[in-house]
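Colleague: Please read through the structure below; I'll follow up with questions.
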Amino acid sequence: MLRVRNLEAGYNKLRVLRGISIHVGAGEIVTVIGANGAGKSTFLNTVAGLLQPLSGEIEFDDQPLGRISPFNVVARGCALVPEGRLVFAPLSVAENLTLGAYHQYRRRRKALAEQQLERVYALFPVLRERRSQLAGTLSGGEQQMLAIGRALMAGPRLLMLDEPSMGLAPLIVKSILETIAGLRKDGVTILLVEQNSKAALGIADRGYVMETGSIVLEGTAEELLNNNEVQRAYLGKEYQSIAER
Amino acid sequence: MSSELIIQYILSGVTSGSVYAIVAIGFNIIYNTTGIINFAQGEFVMLGGMIAISLVPFMPLPMAVALAVVITAAVGALAQIAFIRWLKRPHVLQLIIITIGLSILLREAALHIWDEKVRSLPYFTGTVVTSVRIFGAYVSPQVFWVLGVCGAAVVLLSLFFGRTLIGQAMRACSADPLAATLCGINQKNMVTLSFVISAALGALAGCVVSPITQTHYECGTPLAIKGFTVAIVGGLGNSTGAVAAGLLLGIIEAFSISIMPMAYKDIIAISILLAVLSYRPTGLFVRREVGALKEF
Chain X
1 MLRVRNLEAG
11 YNKLRVLRGI
21 SIHVGAGEIV
31 TVIGANGAGK
41 STFLNTVAGL
51 LQPLSGEIEF
61 DDQPLGRISP
71 FNVVARGCAL
81 VPEGRLVFAP
91 LSVAENLTLG
101 AYHQYRRRRK
111 ALAEQQLERV
121 YALFPVLRER
131 RSQLAGTLSG
141 GEQQMLAIGR
151 ALMAGPRLLM
161 LDEPSMGLAP
171 LIVKSILETI
181 AGLRKDGVTI
191 LLVEQNSKAA
201 LGIADRGYVM
211 ETGSIVLEGT
221 AEELLNNNEV
231 QRAYLGKEYQ
241 SIAER
Chain A
246 MSSELIIQYI
256 LSGVTSGSVY
266 AIVAIGFNII
276 YNTTGIINFA
286 QGEFVMLGGM
296 IAISLVPFMP
306 LPMAVALAVV
316 ITAAVGALAQ
326 IAFIRWLKRP
336 HVLQLIIITI
346 GLSILLREAA
356 LHIWDEKVRS
366 LPYFTGTVVT
376 SVRIFGAYVS
386 PQVFWVLGVC
396 GAAVVLLSLF
406 FGRTLIGQAM
416 RACSADPLAA
426 TLCGINQKNM
436 VTLSFVISAA
446 LGALAGCVVS
456 PITQTHYECG
466 TPLAIKGFTV
476 AIVGGLGNST
486 GAVAAGLLLG
496 IIEAFSISIM
506 PMAYKDIIAI
516 SILLAVLSYR
526 PTGLFVRREV
536 GALKEF
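Chains as they are written, first to last, in our numbering: chain X, 1 to 245; chain A, 246 to 541.
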């Protein structure tokens, strides 16, 4: 579904991504893990069109995605839940969700958008309860649900999430990640970028490990969870405890 | 002071106040989608009046006003596309200087097109001497036109920003341009649209006040200063605040005439602006916490 080849991107003269190649098949849950500053967000922002790639190719459904305007990417069926949620704070929850389906309304697909709204409310019942509340007054977890709901309103086939666990209590992280994993049965493919490697690998089929702008490791989630390097660097386990097993 | 006189002062204050409010709302619309102050807002008011005056010999008044609004809106769009839209990540200061340049450009163009003569639109109903008696005070029917048009504009704008998809999208762009882009909103189009709407609004104000205040190529600047004062006092970006502050400034000015020579009227506005900027720069009608989040 998504195929990225030799992608290089960055800000002005600073090259952050150095030849990234990643593929995501339809119906898969794929995660990219890595430390702060590894280039994970830069990668997602480039796929979403917010940054222009310096070189390399991005293909979505066998169509090149590299040079189209960012606001058209979402209409192609590829939505990003940005890092830090970025809900429209002074707008109500319902307005936030409506704007998520902006391209549907513009194409006069109101019925589709309303259908999608019911689905989002079913997924996150708390959003229905707070639909007339301003988004800025929601708790962190609720804002994350709203950000995911807003992205789902576009009816994407590929949902990309940038650090959905950031700043949230472990229980909420668990429930949000379970919801994300459940989207698969609705036919949504997931590309999840996380610092919380353990939680991310827990729901993913496959994973990539990114370090300073390059992919250093890839494999199934199970392989990565059992990989000594990954355990040491990203799962917080010491050499000693690994050696003792 | 007799009660008739007080009503007379209040009505004249409310009239000029509602014009200040509408100019301030023009500032707010652009501030809300871009974070900049468009210093050419006063010139949009002048252009609206001037174009309508030139058109009125050839067509009925309502049509001339409508056409003037449309043409000014088009000028707003062209100016934004020519000078601002193509810039990549422009700095706020850069944008503000551009709008100052634009205001000079429009003013000079108006001087060449219409010379320095003072003109005015005919009264919408009646003539200069027609007056309506209300609570013992006499006012021109044009006052009701000004109040009605300004009131209708405020109501329509709040419906537009609150209820329509495009209005919500514009507010989304001001809340978070990046997230708006991710929702599929073309942020640049929304900024151009904000220039169109505020130019149209300015032009409309320019037309309804023209019979009372008259129009010449330089009449935009003082209105822009008053409108800017009102926008600041009401809290930048806050349109309800702008209405309240506009009426307040208008009424204060009107009453100042009874204790000071009329020539000092403008000093009131500038003094209020300076006082608010030094003691409460976020405006009188904005909570401090909200103001703290703004860039300026």
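The C-beta atom is built at its ideal place from N, Cα and C for all residues, glycine as well.
(1) If contacts are defined as beta-carbon pairs under 8 angstroms, then serine 41 of chain X and glutamate 83 of chain X qualify, I think. What distance do you get, rounded to the angstrom?
(2) Is glycine 429 of chain A close to chain X? Criterion is C-beta to C-beta, closer than 9 angstroms.
(3) Is the Cβ of serine 41 of chain X closer than 9 angstroms to any Cβ of chain A?
(4) From what residue to what residue does the alpha helix (DSSP H) around alanine 499 of chain A run?
(5) Evaluate contact between the segment 469-483 of chain A and the segment 272-289 of chain A, counting only Cβ atoms and requiring at least three cross-stretch pairs below 8 angstroms.
(6) Going straight from the alpha carbon of glutamate 361 of chain A to that of tyrosine 462 of chain A, what length do you get?
(7) Which of helix, strand or coil does DSSP assign to alanine 9 of chain X?
(8) Report all residues from its chain with a CB closer than 8 angstroms to the CB of glutamate 540 of chain A; omit the five preceding and five following residues, and keep chain order.
(9) Are valine 391 of chain A and isoleucine 457 of chain A touching if we call contact CB-CB under 9 angstroms?
(10) I'd like to know if the segment 101-108 of chain X and the segment 52-62 of chain X are in contact, where contact means that at least 3 CB-CB pairs between them fall below 8 angstroms.
(11) For a contact meaning CB atoms closer than 9 angstroms, what does arginine 150 of chain X contact in chain A?
(12) Going by the CB atoms, is the gap between leucine 183 of chain X and isoleucine 176 of chain X shorter than 9 angstroms?
(13) Among residues of its own chain, excluding the 5 on either side of alanine 398 of chain A, which ones have a beta-carbon nearer than 7 angstroms to its beta-carbon?
(14) Could you run through the segment 88-107 of chain X and flag, in chain order, every residue whose CB is less than 7 angstroms away from some CB of chain A?
(15) Per DSSP, what are the beta-bridge partners of leucine 191 of chain X in this structure?
(16) Would glutamine 339 of chain A be called buried (16 or more neighbouring beta carbons within 10 Å of its own) or exposed?
(17) Taking the alpha carbon of isoleucine 477 of chain A as the point to measure from, which residue in A:Ala297, A:Leu356, A:Tyr265 has its own alpha carbon closest?
(18) Determine, for serine 165 of chain X, whether the minimum Cβ-Cβ distance to residues of chain A falls below 9 angstroms.
(19) Where does threonine 372 of chain A fall in DSSP's three states?
(20) Is serine 419 of chain A buried or exposed, if buried means 16 or more other CB atoms sit within 10 Å of its CB?
(21) Could you give the residue range of the beta strand (DSSP E) that holds leucine 217 of chain X?
(22) Using DSSP bridges, identify the partner residues of phenylalanine 60 of chain X.
(23) Report the rounded CA-to-CA distance for glycine 136 of chain X versus alanine 424 of chain A, giving the unit in angstroms.
(24) Any C-beta of chain X within less than 7 angstroms: which residues of the segment 406-417 of chain A qualify?
Modeller: Put simply:
(1) Within the first sequence, numbered from 1, the residue matching residue 41 of chain X stands at position 41. Within the first sequence, numbered from 1, the residue matching residue 83 of chain X stands at position 83. About 5 angstroms; that satisfies the 8 angstroms criterion.
(2) Counted from its first residue, the second sequence places residue 429 of chain A at position 184. Yes, contact with chain X.
(3) As a first step, residue 41 of chain X must be located in the first sequence, where it is residue number 41. For serine 41 of chain X, the answer is no, since every Cβ of chain A falls outside 9 angstroms of its Cβ.
(4) Position 254 of the second sequence, counting from 1, holds the residue named residue 499 of chain A. Annotation for alanine 499 of chain A: the continuous alpha helix (DSSP H) segment containing it runs 484-504.
(5) Yes: at least three Cβ pairs fall under 8 angstroms.
(6) What you label residue 361 of chain A is simply residue 116 of the second sequence in a count that begins at 1. What you label residue 462 of chain A is simply residue 217 of the second sequence in a count that begins at 1. Roughly 6 angstroms between the two C-alpha positions.
(7) Taking the first sequence and counting its residues from 1, one reaches residue 9 of chain X at position 9. In this structure, DSSP gives alanine 9 of chain X an extended state, which the three-state scheme calls strand.
(8) For the purposes of this step, residue 540 of chain A is identified with residue 295 of the second sequence, where counting begins at 1. With a pLDDT of 48 at glutamate 540 of chain A, under the threshold of 50, the predicted position of this residue should be treated as unreliable, though the coordinate-derived value follows. For glutamate 540 of chain A, where only same-chain residues beyond five positions count, the Cβ hits under 8 angstroms are Gly280, Val337.
(9) To locate residue 391 of chain A, count along the second sequence from 1; it is residue 146. To locate residue 457 of chain A, count along the second sequence from 1; it is residue 212. Their beta carbons are under 9 angstroms apart, which means valine 391 of chain A touches isoleucine 457 of chain A by this criterion.
(10) In this structure the segment 101-108 of chain X does not lie against the segment 52-62 of chain X, because fewer than three pairs of beta carbons, one per stretch, are closer than 8 angstroms.
(11) Residue mapping note: residue 150 of chain X aligns to position 150 of the first sequence, counting from 1. Chain A residues near arginine 150 of chain X: Ala424, Leu427, Cys428.
(12) Counting from one through the first sequence, the residue named residue 176 of chain X turns up at place 176. Counting from one through the first sequence, the residue named residue 183 of chain X turns up at place 183. Taking 9 angstroms as the Cβ cut-off, isoleucine 176 of chain X and leucine 183 of chain X do not qualify as a contacting pair.
(13) As a first step, residue 398 of chain A is located in the second sequence; it is residue number 153 there, counting from the start. Around alanine 398 of chain A: Ile267, Leu446, Leu449.
(14) If the cut-off is 7 angstroms between Cβ atoms, the segment 88-107 of chain X has Phe88, Ala89, Pro90, Leu91, Glu95, Thr98, Leu99, Gly100, Tyr102, His103, Tyr105 near chain A.
(15) Within the first sequence, residue 191 of chain X is the residue found at index 191, counting from 1. Answer is X:Val30, X:Met160.
(16) Position 94 of the second sequence, counted from the start, is the residue given in the question as residue 339 of chain A. Residue environment for glutamine 339 of chain A: exposed (fewer than 16 other C-beta atoms within 10 angstroms of its C-beta).
(17) The residue given as residue 477 of chain A occupies position 232 in the second sequence. Of A:Ala297, A:Leu356, A:Tyr265, the residue nearest in Cα terms is A:Tyr265.
(18) Position 165 of the first sequence, counted from the first residue, corresponds to residue 165 of chain X. Judged by the 9 angstroms Cβ criterion, serine 165 of chain X is not in contact with chain A.
(19) Residue mapping note: residue 372 of chain A aligns to position 127 of the second sequence, counting from 1. When secondary structure is reduced to three states using DSSP, threonine 372 of chain A falls in the coil class, being assigned neither helix nor strand.
(20) Position 174 of the second sequence, counted from the start, is the residue given in the question as residue 419 of chain A. Counting the other CB atoms within 10 Å of its CB gives serine 419 of chain A a total of 16 or more, which places it among the buried residues.
(21) Numbered from 1 along the first sequence, position 217 holds the residue referred to as residue 217 of chain X. Run containing leucine 217 of chain X: 214-220, per the beta strand (DSSP E) assignment.
(22) Along the first sequence, read from residue 1 onward, the residue named residue 60 of chain X stands at position 60. X:Leu2, X:Gln63.
(23) Translated into the one-based positions of the first sequence, residue 136 of chain X becomes position 136. Translated into the one-based positions of the second sequence, residue 424 of chain A becomes position 179. Answer to the nearest angstrom: the Cα atoms are 14 angstroms apart.
(24) Those residues of the segment 406-417 of chain A placed with their C-beta closer than 7 angstroms to a C-beta in chain X are Leu410, Gln413, Ala414, Arg416, Ala417, ordered along the chain.
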